[in-house]
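Chains as they are written, first to last, in our numbering: chain F, 262 to 647; chain E, 675 to 760.
The beta carbon of each residue, even a glycine, is placed where N, CA and C say it ideally should be.
What follows is a short report on a single structure.
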Amino acid sequence: MVVDGNKAAALGAVLSRPIMVAAYPITPQTPLVEYLSQYISDGLLDADLVEVESEHSALSVLHGACLSGARVFTGTSGQGLAFMYEPYIRTASLRLPIVMVIATRDGISPQCVWGGQQDAMGVRDGGWIQIYVEDNQEILDSIIMAYRIGEDPEVLLPVNVCYDGFYLSHMSEAIRIPDQELVDRFLPPYRSTHVRLDPEIPMAVDPLTPGLLFTQYRHGHLEAHEKAKAVIDRVDGEFESIFGRSYGGLIENYRMEDAEIALVAMGSPCGTGKVSVDRAREKGIKVGLVKIRSLRPFPVERLSDSLKKVKAIGVIDKNVCFGWGTGILFVELGSALRGLSIPVLDFIGGLGGSDITFDHFDLAIHKTLMAAEKGAFERVHWFGID
Amino acid sequence: MERRRFLCPVATEPYIVATGEWRAQRPVTDPKKCVKCATCWLYCPTQSIRHYHTHLGADLQYCKGCGICANECPRHAITMVLEEED
């Protein structure tokens, strides 16, 4: 079936059988909600659709539904995510395993509705799990896996599946739709055990929380993120055993076995990056690519393991990190690779809907290779500016 | 009874936050002037006014010392007294 990324997301939701969807229906929303609305009216999805007046309400409505034990779904993008900031944080603190897709856009200002990862990466410390995907098949598959990860009793966290705005959300490619029967076997109904609204046991939700208790909740929340690392890898393996597709869990290593230099990227640029790696390999350059799928939790251990033997690393950042003069992945990777004294270069591009092309990747491979051989390098290169 | 613990911030029983500890001044009611008209009870924003044998006065575990009761008392029976440092 040939579908765009939004339809792939809607199909992923349908297969996961949420019983409530609450979403803001128009811009900055994508056509995702139109697809879901159609599927519900066609009887393919047995769910209530609440078309709320704002993104703030969308997530708040789902808090109530999820607290009462329902599996729920929503999606947003750019400005909508910004408007959702308050309930976004509460979703994570309440440990509600809500799955929300984000068609990632570069921002609120300069006014922009085009692709970029700044919106979702800007809330990376909001307490959610964030998975970034490369193509439309991965959108659908990751949504099904997201429920398994988020609802795992060791985890109990909300999950974002982030797909690049326009590059994935509005572009079509062929995907396989898994059988509902197999998805049902992989993903049993949600049974909430840790918190449940019950008229017989009145409950105050998110009351004023004094410091020591607050600290205990935070500690537990961070522990859940640590435990989620193993769960994300395990669920990927179980998914492969049933559906025959694997994404590597926290990260995917592409031609890294004998790589002497490595690129690190996230999201849709990985597709272009892999082809560029293949082309460079034909010329005899031993380059590989590490695709980061999970930004939260950050795969510190697996990244360190994958990159311990390379002589230089080129990071592709489709975002910026204010105050560091670099991209966010560069900063995060630097923390993960403490003590590894090899050149790490940052390449910033793909902002505001601009393309990261084969030429850009070729340049990144060339500069990373030069850094490995000569040791001297410039830390940050901006595609299209330098 | 052991307090029931949850994974996330919800509560099925009160967790006492002693807001009285935030107080800089405390209201003191003069029982001779107080006629138990309950104006203070009506105005208290934290529902801290209790019915004592001789007068109405603040429960100092919760009273934050805002002084609204003293301001509103029609009999001027309440005075605000500075809390001494321990």
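Sequence ranges, beta strand (DSSP E) only - wholly within the segment 312 to 358 of chain F, length at least 3: 333 to 337
Taking the straight line between their C-alpha atoms, what separation do you get for E/MET675 and E/GLU687? Numbered from its first residue, the second sequence carries residue 675 of chain E at position 1. Numbered from its first residue, the second sequence carries residue 687 of chain E at position 13. Per-residue confidence for E/MET675 stands at a pLDDT of 43, beneath the threshold of 50, marking its modelled position as unreliable; the derived number appears in the next sentence. The alpha-carbon atoms of E/MET675 and E/GLU687 are separated by roughly 11 Å.
If you draw a straight line from the alpha carbon of E/HIS750 to that of E/ALA744, how long is it in whole angstroms? Position 76 of the second sequence, counted from the start, is the residue given in the question as residue 750 of chain E. Position 70 of the second sequence, counted from the start, is the residue given in the question as residue 744 of chain E. Whole-angstrom Cα-Cα distance: 7 Å.
Are any of the Cβ atoms in chain E nearer than 9 Å to that of F/PRO478? One-based indexing of the first sequence puts residue 478 of chain F at position 217. A small correction: the amino acid at residue 478 of chain F is Tyr; Pro does not occupy that position in the sequence shown. Yes, its Cβ sits closer than 9 Å to a Cβ of chain E.
Burial state of E/LYS706, where buried means 16 or more other Cβ atoms lie within 10 Å: Along the second sequence, read from residue 1 onward, the residue named residue 706 of chain E stands at position 32. So E/LYS706 counts as exposed.
What is the rounded straight-line gap between the Cα of F/ALA269 and the Cα of F/THR365? The residue you call residue 269 of chain F lines up with position 8 of the first sequence. The residue you call residue 365 of chain F lines up with position 104 of the first sequence. About 15 Å.
Going straight from the alpha carbon of F/PHE559 to that of F/LEU568, what length do you get? Against the first sequence, residue 559 of chain F aligns to sequence position 298. Against the first sequence, residue 568 of chain F aligns to sequence position 307. Rounded to the nearest angstrom, the two C-alpha atoms are 15 Å apart.
Run of the beta strand (DSSP E) containing F/HIS642, from where it starts to where it stops: Position 381 of the first sequence holds residue 642 of chain F. Unbroken beta strand (DSSP E) run through F/HIS642: 641 to 643.
Where do the ends of the beta strand (DSSP E) carrying E/THR753 lie? Within the second sequence, residue 753 of chain E is the residue found at index 79, counting from 1. That run of the beta strand (DSSP E) goes 752 to 756.
Beta bridge counterpart(s) of F/ILE301 as assigned by DSSP: Here residue 301 of chain F refers to the residue found at position 40 of the first sequence. In the DSSP output, where bridge partners are listed per residue, F/ILE301 has none listed.
How many Å lie between E/GLU757 and E/ARG678 at the Cα? By 1-based counting over the second sequence, the position of residue 757 of chain E is 83. By 1-based counting over the second sequence, the position of residue 678 of chain E is 4. Approximately 35 Å, taken between the alpha carbons.
Between the segment 716 to 750 of chain E and chain F, which residues of the former have a C-beta closer than 9 Å to a C-beta of the latter? none
Straight-line Cα distance separating E/THR693 from F/ARG385: Taking the first sequence and counting its residues from 1, one reaches residue 385 of chain F at position 124. Taking the second sequence and counting its residues from 1, one reaches residue 693 of chain E at position 19. Roughly 34 Å between the two C-alpha positions.
Name the chain E residues whose beta carbon is nearer than 7 Å to that of F/GLY481? For the purposes of this step, residue 481 of chain F is identified with residue 220 of the first sequence, where counting begins at 1. The answer, in chain order, is LEU681.
Exposed unless 16 or more other CB atoms sit within 10 angstroms - verdict on E/VAL761: Given a span of 675 to 760 for chain E in the structure shown, any question on residue 761 of chain E remains unanswerable.
Verify the CB distance criterion: does E/THR686 have a CB-CB separation below 9 Å to chain F? Counting from one through the second sequence, the residue named residue 686 of chain E turns up at place 12. It does; some Cβ of chain F falls within 9 Å.
Is there at least one Cβ from chain F nearer than 9 Å to E/VAL709's Cβ? Locating residue 709 of chain E in the second sequence gives position 35, where the first residue counts as 1. No, E/VAL709 does not count as interfacial toward chain F.
Classify F/GLY273 as helix, strand or coil using the three-state DSSP reduction. On the first sequence, residue 273 of chain F is found 12 positions in, with the first residue counted as 1. Helix at F/GLY273.
On the premise that E/THR713 lies in contact with E/CYS682, defined as a C-beta separation below 8 Å, what is that separation, rounded to the nearest angstrom? Within the second sequence, the letter at position 8 stands for residue 682 of chain E. Within the second sequence, the letter at position 39 stands for residue 713 of chain E. E/CYS682 to E/THR713, Cβ: 41 Å. No contact.
Are the Cβ atoms of F/VAL525 and F/LEU556 separated by less than 9 Å? By one-based count along the first sequence, residue 525 of chain F stands at place 264. By one-based count along the first sequence, residue 556 of chain F stands at place 295. Result no, Cβ atoms of F/VAL525 and F/LEU556 do not sit closer than 9 Å.
Nearest residue (CA-CA) to F/ASN421, options F/GLN441, F/LEU320, F/GLY330 and F/GLU499: Locating residue 421 of chain F in the first sequence gives position 160, counting from the first residue. Selected option, being the one with the closest Cα: F/LEU320.
For a minimum of 4 consecutive residues, which ranges assigned as the alpha helix (DSSP H) are wholly contained in the segment 399 to 455 of chain F? 441 to 447
C-alpha distance - F/VAL263 paired with F/ASP467, whole-angstrom precision: To locate residue 263 of chain F, count along the first sequence from 1; it is residue 2. To locate residue 467 of chain F, count along the first sequence from 1; it is residue 206. Going from the Cα of F/VAL263 to the Cα of F/ASP467 covers about 44 Å.
Euclidean distance between Cα positions of F/ILE646 and F/GLU639: Stepping through the first sequence from its first residue, residue 646 of chain F is reached at position 385. Stepping through the first sequence from its first residue, residue 639 of chain F is reached at position 378. So the two alpha carbons sit approximately 14 Å from each other.
Specify the secondary structure class of F/THR618 as computed by DSSP and reduced to three states. Indexing the first sequence from 1 puts residue 618 of chain F at position 357. DSSP places F/THR618 in coil when its eight states are reduced to three.
DSSP three-state label for E/HIS725, please. Taking the first residue of the second sequence as 1, we reach residue 725 of chain E at position 51. E/HIS725 falls in the strand class under three-state DSSP.
Between the segment 452 to 464 of chain F and chain E, which residues of the former have a C-beta closer than 8 Å to a C-beta of the latter? HIS455, VAL456, ILE462, PRO463 and MET464
Which residues of chain F have a Cβ atom closer than 7 Å to the Cβ of E/VAL691, listed in chain order? Counting from one through the second sequence, the residue named residue 691 of chain E turns up at place 17. Within 7 Å Cβ-Cβ: LEU469 and PRO471.
Name the residues in the segment 404 to 433 of chain F whose C-beta lies less than 8 Å from a C-beta of chain E; which are they? LEU417
Tell me which residue opens and which closes the beta strand (DSSP E) that F/THR365 is part of. The count along the first sequence starts at 1 and reaches residue 365 of chain F at position 104. Its beta strand (DSSP E) spans residues 360 to 365.
Spatially closest choice to F/ALA523 from F/SER502, F/GLY498 and F/ILE603, by CA coordinates: Working through the first sequence from its first residue, we reach residue 523 of chain F at position 262. Cα-wise, what sits closest to F/ALA523 is F/ILE603.
In the DSSP assignment, find the beta strand (DSSP E) that holds F/MET281 and state where it starts and stops. Your numbering for residue 281 of chain F matches position 20 in the first sequence. Run containing F/MET281: 281 to 284, per the beta strand (DSSP E) assignment.
Can the beta-carbon of F/PHE644 be found less than 9 Å from the beta-carbon of F/ILE617? If you number the first sequence from 1, residue 644 of chain F lands on position 383. If you number the first sequence from 1, residue 617 of chain F lands on position 356. In this structure, F/ILE617 lies closer than 9 Å to F/PHE644 by Cβ.
Measure the C-alpha to C-alpha separation of F/LEU272 and F/GLY387 and round it to an integer number of angstroms. Position 11 of the first sequence, counting from 1, holds the residue named residue 272 of chain F. Position 126 of the first sequence, counting from 1, holds the residue named residue 387 of chain F. For F/LEU272 and F/GLY387, the distance between alpha carbons rounds to 27 Å.
Inter-residue spacing [alpha-carbon to alpha-carbon] between E/ALA698 and F/GLU593: On the second sequence, residue 698 of chain E is found 24 positions in, with the first residue counted as 1. On the first sequence, residue 593 of chain F is found 332 positions in, with the first residue counted as 1. Their backbone Cα atoms lie some 45 Å apart in a straight line.
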